[in-house]
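Comments concern the structure below.
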Amino acid sequence: MEDSKLEKLLEGTQYAIKLRRLNMGECTKLESIPTHVRLKSLEYLNLRGCIRLRNFPQISFYNSSGFFWSELTSTISYLEQASSSSPSPKYDAMTSFHGPDVPKTFDSHLYKELNRKSITLFYDQEIERSQTISPLLASAISTSTVSIVVFSKNYAASMWCLDELVQIHKRSKNMGLNVFAIYYDVSPWEVRKQTGRFGKIFKKTCERATEDEKERWMHALSEVAGLTGEHLQNWHNEQALVGKVVDNISRKLIAPSNRFGELVRLEAHIGNEFDIRKRGW
């Protein structure tokens, strides 16, 4: 069943009492497992790479010899989000960039790599620009797990981009949105301190804004640019940079949860592999 297009495990599976191995590794479209699975003989379960899995079932084990789960690299982090007051993620990622600055080749590499990893992207470049952030974009920011911010020399020329960045920063601080910054033709220092050509363009934009807007933009730029990011000048080509960023995003999306309740204990091992053993009752 590995690497299949399976989206849902049928309810009848929960009664397969003689099943010993259940391998759903890399089922990137799998979203649901029956809520209560009675697999008396299950000895092996592989959910590695199931990046869309939204729920993890209660599983009853009756095998007296115990059981061993290997390669459980889950997206159970979704459980924590679902149990909180934050909205359930609709998108894995969303982007923020100044369209005219970023070549189509960069766009193409980014979306190709995201698609290869089965990462759902909200693409905001098709939204009609206005004075304020649209409800659709605000919803995308609040329901995404990751934001990719591509800073370029004219990013600060767009009030839309700056307002978008404020919302991204706010969600990263309050709701745990993961932000990945890419510096296309500008340095992290210029963005963080609003200096150089980037600073001049930002200053010109601020002439059309209120003091409150200016303060919010400056704070968001300083905070987001203070995060670890990738600078294009440190890479041989765009494709290599994009590949590294998307790999990092993929790992973030399948990061294991630290809360599995009283049923099992989790021991992390190198290479995203985990041993989960039954508690001794």
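Numbering of the sequence shown is given in full-length UniProt numbering, commencing with residue 1 and proceeding in unit increments.
Think of the CB as a built atom: it goes at the ideal place given N, C-alpha and C, for glycine as much as any other residue.
No experiment lies behind these values; they were computed from the predicted model shown.
Can the beta-carbon of residue i be found closer than 8 Å to that of residue j?
| i | j | result |
| --- | --- | --- |
| Asn178 | Lys112 | no |
| Ser147 | Asp185 | no |
How long is the line joining the alpha carbons of residue i and residue j, rounded to whole angstroms?
| i | j | result |
| --- | --- | --- |
| Ser74 | Asn23 | Low confidence applies to Ser74: its pLDDT is 35, below 50, so where it sits in the model is not reliable, and the reading given next is rough at best. Going from the Cα of Ser74 to the Cα of Asn23 covers about 13 Å. |
| Leu220 | Asp212 | First, the amino acid is wrong: residue 220 is Ala here, not Leu. Each residue's alpha carbon lies about 12 Å from the other. |
| Ile119 | Ala93 | 7 Å |
| Thr205 | Ser158 | 7 Å |
| His236 | Ser222 | 27 Å |
| Gln239 | Val246 | 10 Å |
| Leu227 | Lys173 | 12 Å |
| Arg208 | Phe202 | 10 Å |
| Met218 | Asn234 | 26 Å |
| Phe106 | Val242 | 8 Å |
| Ser108 | His169 | 26 Å |
| Arg116 | Ser250 | 10 Å |
| Leu114 | Lys29 | 14 Å |
| Cys27 | Ile254 | 12 Å |
| Tyr183 | Glu31 | 34 Å |
Output needed for residue i: all residues of its chain with C-beta closer than 6 Å, excluding positions within five of it in sequence on either side, in chain order.
| i | result |
| --- | --- |
| Gln81 | The pLDDT assigned to Gln81 is 41, lower than 50, so where the model puts this residue is not dependable, and the model offers no usable value. |
| Lys193 | none |
| Glu190 | Gly196, Phe198 |
| Phe97 | Val150 |
| Pro103 | none |
| Lys200 | none |
| Thr210 | none |
Considering only residues of the same chain and omitting the five flanking positions on each side of residue i, which have a CB-CB separation below 7 Å?
| i | result |
| --- | --- |
| Pro188 | Ala225, Gly229, His231 |
| Ala138 | Gln167 |
| Ser130 | For Ser130, the pLDDT reaches just 47, beneath the cut-off of 50, and the residue's location in the model is therefore unreliable, although a value from the coordinates is still provided. The answer is none, since no qualifying residue turns up. |
| Arg216 | Val166 |
| Lys244 | Glu230 |
| Leu110 | Val242 |
Keeping to the same chain, check which residues put their C-beta closer than 8 Å to that of residue i; ignore five residues upstream and five downstream.
| i | result |
| --- | --- |
| Pro100 | Asn154 |
| Tyr91 | Thr120, Leu121, Phe122, Ala140, Thr143, Ser144, Thr145 |
| Asn248 | Phe180 |
| Cys161 | Ser96, Phe97, His98, Tyr155 |
| Lys214 | Cys206 |
Quick check on the burial criterion: 16 or more other C-beta atoms within 10 angstroms. Buried or exposed for residue i?
| i | result |
| --- | --- |
| Asp163 | buried |
| Ala181 | buried |
| Asn46 | buried |
| Thr95 | buried |
| Arg21 | exposed |
| Leu72 | Low per-residue confidence applies at Leu72: pLDDT is 36, beneath 50, and the placement is therefore not dependable, though the value from the model is reported in the following sentence. Buried is the call here. |
| Arg171 | buried |
| Leu263 | In this prediction, Leu263 scores a pLDDT of 31, lower than 50, which makes its location untrustworthy; no coordinate-derived value is stated. |
Fully enclosed by the segment 137-175, which alpha helix (DSSP H) runs are 4 residues long or longer?
159-174
Pick out the complete alpha helix (DSSP H) segments inside the segment 196-262, 4 residues or longer, and give them in chain order.
196-206, 211-224, 238-253
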